[in-house]
Amino acid sequence: MTYQPGASLRLRVQVTGGSPTALKAKVWADGAAEPDWQATGTDATGGLQAAGAVGVRAYLAGNSTNGPTVVSIDDLRATRAAG
Numbered sequence: 000m001t002y003q004p005g006a007s008l009r010l011r012v013q014v015t016g017g018s019p020t021a022l023k024a025k026v027w028a029d030g031a032a033e034p035d036w037q038a039t040g041t042d043a044t045g046g047l048q049a050a051g052a053v054g055v056r057a058y059l060a061g062n063s064t065n066g067p068t069v070v071s072i073d074d075l076r077a078t079r080a081a082g
């Protein structure tokens, strides 16, 4: 996928299990079909083995030359995964 400035993206992240915690992620253009998981992994870091919280953080490197950059979050939803 090639990102076009101003285009909306959808992101889905799934975190399940414990010791280790399984992580899955995918991103796709708004309006396109949702793809299969694009990134997967596991992590046994202690902080991931307990209940946590959901949040969003945007970051722009100090050496970025394409500013100003706008980040908008709309329809953030956190749900318990089935299964």
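Mapped onto numbering that gives the first Met the number 0, the consecutive letters of the sequence shown carry residue numbers 0 to 82. Backbone N, C-alpha and C fix where the C-beta goes; we use that ideal spot for every residue, glycine too.
Give a yes or no on contact between the segment 6-19 and the segment 27-36, applying the rule of three or more CB pairs nearer than 8 Å. yes
Quick one: Cα of residue 55 to Cα of residue 26, how far? Locating residue 55 in the sequence shown gives position 56, counting from the first residue. Locating residue 26 in the sequence shown gives position 27, counting from the first residue. So the alpha carbons of these two residues sit roughly 15 Å apart.
Compare the Cα-Cα distances from residue 48 to each of 71, 17, 70 and report the closest residue. Your numbering for residue 48 matches position 49 in the sequence shown. When each option's Cα is compared against that of residue 48, the closest is 17.
N-terminal and C-terminal residue of the beta strand (DSSP E) that residue 106 is part of: The structure shown does not extend to residue 106, since the chain spans only 0 to 82, so no value can be given for it.
Residue 3 in three-state terms, based on DSSP: Along the sequence shown, read from residue 1 onward, the residue named residue 3 stands at position 4. DSSP places residue 3 in coil when its eight states are reduced to three.
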